[in-house]
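Participant: Chains as they are written, first to last, in our numbering: chain A, 59 to 243; chain B, 13 to 394; chain C, 17 to 403. For glycine and all other residues, C-beta sits at the position ideal for the given N, C-alpha and C. Below you'll find the structure I mean.
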């Protein structure tokens, strides 16, 4: 069928068409405000962040300790109501050096998003955060890092109470990661 | 065609606010109860999971990302239906009919309390070029339709108000309902005029909650449930979303949904063969309009029926014994599943003080509210 | 298995464009009309409509499915919208499949549409809202982060270099030169990719597909109807889908387990025991070049870490032993999220019927696989088609 069709429908416009006013447009800026109930698990997580601590939950069946905390183990379908205080150090599971912001605009100084496996939680249990106080060229998967917190009076109970993670010791070795095997059902 | 039944139900709620629980925890509670009721382990037995959600009702894009963990569906077939709760139920039903799966669940929830400017969200559903720029509160759509409905059918404003009195009264007997109240006709008629002729107390208030149902095919259903609730027929239909070209009377989407469902269920005389109905009453007049469109009475007759008490709990055709959205609370797209939930509880004999006698066949109908013309129906029986 | 057989009997699509003049409804209409015309059926012949479209935030309409329904031919018909993020394009075909396989309907029109250009300042911005509102959004993550994190993990675990991956972008963009709807077809080299702007290391500009507007539609029919309409129905032999945990930071991203689970479900249904022998054409989801490799491994069509070698050896070229993305994929044709997945299904449809024109893979392929992916590195949807 597509061998027989010569032209396909669709009229392509260019940015210039808009800039030169050739296209009529309507604009709408939506007002979308939400106040999400954090619930039992995340409320505790945020409250502990305000205290300068990272907390996780433990599944009584598979014994996994996970972070961010949750009320049910998604593997075992068991409630996870055992709380476990974790360290505020960890290792870098993966990272990137990013020169674009959320709205696609460019920056000169890159951000360093990373997944950081938190010490005290099960292997592979990580959180998303940023790295800083490190040269992007020196970041390695397997690197040990520590959280840098906002001063207590500035903490509000948010993931940003941790400003970023920075390297603890930099010996530059690349560790071969071991895959985390989830509990089989 | 395979027989498919609802073998387990569970819910969390329904309350005007649920500050103690995140949406994940509401879903978990409803799912845990439903799986317990059905006697299934989601990790082992449930083969497909259907979630009903709209991004802007959640405040999260691609909301299906956040579904599997708390319903036991990780690394299993899961998908979202952006539609009415009953659409989700039907999607689950169709999957069982294919023969590829025997046990499928459906979930829907509302966290309306977390949407801080809900009318702006509803306005965001309107056509961006023709309608939104007018800047009107979308409730005008309901006002206009009610106006036309009263004009076409001769139904009176008092008859619409009676729906509110009935439904919120029914909700007093419903422990899960958020808005049980003993209202007088005067109170409703004198409530603030929102969009002529629609009055404030005729608009259902929102509530939070979650509902989960487990469906199973024939033999499996018999094994799992003492009293499987069989799906006799389903029907759904979309009319146009356009305000300019739609037919403003008759709720055609409801009529066609019902025709399809009755045909499948072998129902020729719905008034006689349906024992109870749980149908959308987001706005009081909608209950009457839907009754007529669903063939439960003639056009213009619904107002008389509610006036005479024929649709009360002790009437000849109880409509919305749960209290409907007016009494239970409007659960956004989960409202339709709340309608189904009541039918299931009534047919099982688990409806407590609201229990109707000798009910075997029920009709549930959901509508996606303004500005849509989208609805879905299901006929259930024991 | 005793299941009702369902075939694809027609397909249609619009051009994929960075910004289309047409509204979402008009795009959906064009694609639907073309699909119906191609199978010589009318809208009256369609018993139901299944729509797939991804975030409402792009088109800027809440309950976008309702808004688009008229354009998708759904007036006064049973109509449903399914949604699994980027997986939606292939999932819509699965949803259409269960409409017909259920026995409730004999025909179904499946439509996928996306109009990303409406979103300002840049459609990319809408992706901020896919991250967890409490634990992640305050960090202002952007979509490219998550791809970069996954790509870095994949490359590090397997010891790969960028050039091993860049070959996919070269192959697909070149394949797309033969696709009349392509938005970003080009003749580029591996060097071009390696020299392109670094967005979020290791992701560079030419590693990624563009944002696009477009629509695709297919017509599905039950066996007795399909055989009446065409002498070349393309049967849906197997479907599979799987969604992994939202806690993506607790998972090892180097391998897409959910793609494997979806593939196994589809292979089982299709009775396929040796996919590497029995699947002749593959259209995996390729929003980024490394994703094609990642997915080939998840689909069990290459050993873990070995997909780059297959590309280097030409196995996945159009004239290779296992052509991958002969259409040009998302990297070459464009990425209007939901429509892109259905474009892959349509490509397999046209290829198996020998109607893919200059893109036709040689050797009379009989079985093809289309796969889409989406969410937070989470969902795999697979459809296996055969003649």
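1. Near residue 220(C), which residues of its chain fall below 7 Å by C-beta distance, leaving aside the five closest residues on each side in sequence?
2. Between residue 24(B) and the rest of its own chain, which residues show a CB-CB distance below 7 Å, the 5 nearest in sequence each way excluded?
3. Just checking: is the beta-carbon of residue 248(B) within a distance shorter than 8 Å of some beta-carbon in chain C?
4. Alpha carbon to alpha carbon, what distance is there between residue 244(C) and residue 30(C)?
5. Taking DSSP as the reference, what is the three-state secondary structure of residue 250(B)?
6. Starting from the Cα of residue 162(A), find the closest Cα among 140(C), 349(C) and 343(C) and give me that residue.
7. Between residue 445(C) and residue 350(C), what straight-line distance do the alpha-carbon atoms span, to the nearest angstrom?
8. Just how far apart, CA to CA, sit residue 42(C) and residue 107(C)?
9. For residue 68(B), collect the residues of the same chain with a Cβ closer than 7 Å to its Cβ; drop the 5 residues on either side in sequence, then sort them by chain order.
10. Do the CB positions of residue 47(C) and residue 252(C) come within less than 8 Å of each other?
11. What residue does the alpha helix (DSSP H) around residue 282(B) start on, and which one ends it?
12. Report yes if the C-beta distance between residue 219(B) and residue 122(B) is below 8 Å; otherwise report no.
13. Quick check on residue 138(A) - is its C-beta less than 8 Å from some C-beta in chain C?
14. Near residue 26(C), which residues of its chain fall below 6 Å by C-beta distance, leaving aside the five closest residues on each side in sequence?
15. Based on DSSP bridge pairs, tell me the residues matched to residue 171(A).
16. Answer with yes or no whether the minimum CB distance from residue 194(C) to chain A is below 8 Å.
17. Could you please give the first and the last residue of the uninterrupted alpha helix (DSSP H) stretch that includes residue 274(C)?
18. Taking buried to mean at least 16 other C-beta atoms within 10 Å of its own C-beta, is residue 98(C) buried or exposed?
19. Are there 16 or more other CB atoms within 10 angstroms of the CB of residue 284(B), so buried, or fewer, so exposed?
20. Taking the alpha carbon of residue 104(C) as the reference point, which residue from 375(C), 301(C) and 325(C) has its own alpha carbon closest?
21. Within the 8 Å Cβ cut-off, does residue 90(A) reach chain B?
22. Closer than 7 Å by beta-carbon distance: list the chain C residues that pair up with residue 69(A), in chain order.
23. Ignore the nearest five residues each way along the sequence and tell me which others in residue 316(C)'s own chain have a CB closer than 7 Å to its CB.
24. So if I threshold CB-CB distances at 9 Å, which residues from the segment 299–310 of chain C count as touching chain A?
25. What residues in the segment 137–167 of chain C have a beta carbon less than 7 Å from any beta carbon of chain A?
26. Examine chain B for any beta-carbon lying closer than 8 Å to the beta-carbon of residue 257(C), and answer yes or no.
27. Kindly indicate which three-state DSSP category residue 223(A) falls into: helix, strand or coil?
28. For residue 78(C), go through chain B and note every residue whose CB falls closer than 9 Å to its CB, in chain order.
29. State buried or exposed for residue 180(B), treating a residue as buried only when at least 16 other CB atoms are found within 10 Å of its CB.
30. What beta strand (DSSP E) runs, 3 residues minimum, are completely inside the segment 64–127 of chain B?
31. Candidates 392(B), 388(B), 18(B) and 339(B): which alpha carbon is nearest residue 293(B)'s?
32. Quick one: list the residues of chain D neighbouring residue 153(A), beta-carbon separation under 8 Å, in chain order.
33. Identify the residues that DSSP records as bridge partners of residue 404(C): which are they?
34. Residues bridged to residue 129(C) by DSSP?
35. Going by CA-CA distance only, name the one from 285(C), 225(C) and 339(C) that's closest to residue 400(C).
36. Any beta-carbon of chain B closer than 8 Å to the one on residue 268(C)?
Facilitator: According to the structure data:
1. 209, 212, 213 and 214
2. 38, 41, 42, 221 and 222
3. yes
4. 27 Å
5. strand
6. 140(C)
7. Nothing can be reported for residue 445(C): it is not among the residues displayed for chain C, which extend from 17 to 403.
8. 22 Å
9. 133 and 136
10. no
11. 282–285
12. yes
13. no
14. 51, 54, 55 and 235
15. 188(A)
16. no
17. 273–286
18. buried
19. exposed
20. 301(C)
21. yes
22. 36, 37 and 38
23. 276, 279 and 291
24. none
25. 137, 138, 140, 141, 144, 149, 150, 151, 152, 154, 155, 156, 157, 158, 160, 161, 164 and 165
26. yes
27. strand
28. 66, 67, 68, 69, 133, 134, 135, 136, 137 and 138
29. buried
30. 90–93 and 115–123
31. 339(B)
32. Of the chains in the structure shown, none is chain D; the protein chains are A, B and C.
33. Chain C is shown from 17 up to 403; residue 404(C) falls before or after that span and cannot be answered.
34. 231(C)
35. 285(C)
36. no
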